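Asker: Residue numbers (our numbering): 13 to 172.
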């Protein structure tokens with residue numbers, strides 16, 4: 013039973029929320045000025061993965077159908093799968109007003125996409141500008157590698 017201070021008997025405590033003062037707007041650390049800037053900042057930025065109700069099967073007792081909550085995967089014309097994520101609650105609500113926002117770091121969204129067999133993360137689908145993190149870039153973001161600009165172009169490097 014809770015003691016009113018966030019802890020429970022036996023030394024257990026509730027984890028602090030990862031984003032306690034989050035107002036649902038664009039994370040100021042996420043730079044969307046171009047694809048390179050986005051790739052360089054998305055891993056450490058907070059994004060929202062939408063969760064929607066998915067109708068299940070009819071209950072075995074003959075009652076109403078049940079539903080589950082699930083993240084949204086989409087399939088492109090080329091057959092590849094992508095996980096959806098959004099930069100703000102507002103952009104997610106414009107896409108689907110009934111979806112529920114789950115705030116996560118971009119690196120965790122990338123890991124979830126890979127764990128679900130997706131090859132991309134689509135950021136802000138349905139907006140005038142949206143971004144796609146795909147294939148090798150998705151793997152680098154998930155691994156917390158750092159994208160740096162060099163005289164020869166950009167390169168992913170492992171964080172120290």
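Ideal Cβ positions, reconstructed from N, Cα and C, are used throughout, including at glycine. None of the values given here were measured: they were computed from a predicted structure.
1) If you run the structure through DSSP and keep just helix, strand and coil, what is residue 43?
2) Measure from the alpha carbon of residue 172 to the alpha carbon of each residue in 159, 131 and 166, then state which is nearest.
3) In terms of DSSP beta bridges, what is residue 120 paired with?
4) Output yes or no for whether 8 Å exceeds the beta carbon distance between residue 115 and residue 57.
5) With H, G and I counted as helix, E and B as strand and the rest as coil, what does DSSP make of residue 84?
6) Please state whether the Cβ-Cβ distance between residue 132 and residue 144 is less than 8 Å.
7) With DSSP as the reference, label residue 152 as helix, strand or coil.
8) Helix, strand or coil: how does DSSP classify residue 37 here?
9) What residues in its chain sit with their C-beta under 8 Å from that of residue 141, if we drop five residues either side in the sequence?
10) So the candidates are 135, 163 and 83; which of them puts its Cα closest to the Cα of residue 51?
11) For residue 67, which of 60, 55 and 81 has the nearest alpha-carbon?
12) Please list the terminal residues of the continuous beta strand (DSSP E) segment that includes residue 110.
13) Taking the Cβ atom as the reference point for each residue, do residue 59 and residue 118 lie within a distance shorter than 8 Å?
Answerer: On the basis of the data shown:
1) As a first step, residue 43 is located in the chain shown; it is residue number 31 there, counting from the start. Residue state for residue 43 is assigned as coil, using DSSP reduced to three classes.
2) Translated into positions along the chain shown, residue 172 becomes position 160. Nearest to residue 172 by alpha-carbon distance, out of 159, 131 and 166, is 159.
3) Taking the chain shown and counting its residues from 1, one reaches residue 120 at position 108. For residue 120, which the question treats as bridged, DSSP gives no partner whatsoever.
4) Indexing the chain shown from 1 puts residue 115 at position 103. Indexing the chain shown from 1 puts residue 57 at position 45. In this structure, residue 115 sits away from residue 57, with a CB-CB distance that is not shorter than 8 Å.
5) Position 72 of the chain shown, counted from the start, is the residue given in the question as residue 84. In the structure shown, residue 84 sits in coil (DSSP, three-state: anything other than H, G, I, E or B).
6) Residue 132 sits at position 120 when you count from the first residue of the chain shown. Residue 144 sits at position 132 when you count from the first residue of the chain shown. Contact flag set, yes.
7) For the purposes of this step, residue 152 is taken as residue 140 along the chain shown, with counting starting at 1. Of the three classes helix, strand and coil, the one that applies to residue 152 here is helix, per DSSP.
8) Taking the chain shown and counting its residues from 1, one reaches residue 37 at position 25. Taken through DSSP and simplified to helix, strand or coil, residue 37 comes out as coil.
9) Translated into positions along the chain shown, residue 141 becomes position 129. Closer than 8 Å at Cβ, skipping near neighbours: 44.
10) By one-based count along the chain shown, residue 51 stands at place 39. Here the closest residue by C-alpha is 135.
11) Residue 67 sits at position 55 when you count from the first residue of the chain shown. Residue 67 has its Cα closest to that of 81, out of 60, 55 and 81.
12) On the chain shown, position 98 is the one that residue 110 refers to. Unbroken run through residue 110: none, as it is neither H nor E.
13) Here residue 59 refers to the residue found at position 47 when the chain shown is read from its first residue. Here residue 118 refers to the residue found at position 106 when the chain shown is read from its first residue. Cβ distance < 8 Å, so residue 59 and residue 118 count as in contact.
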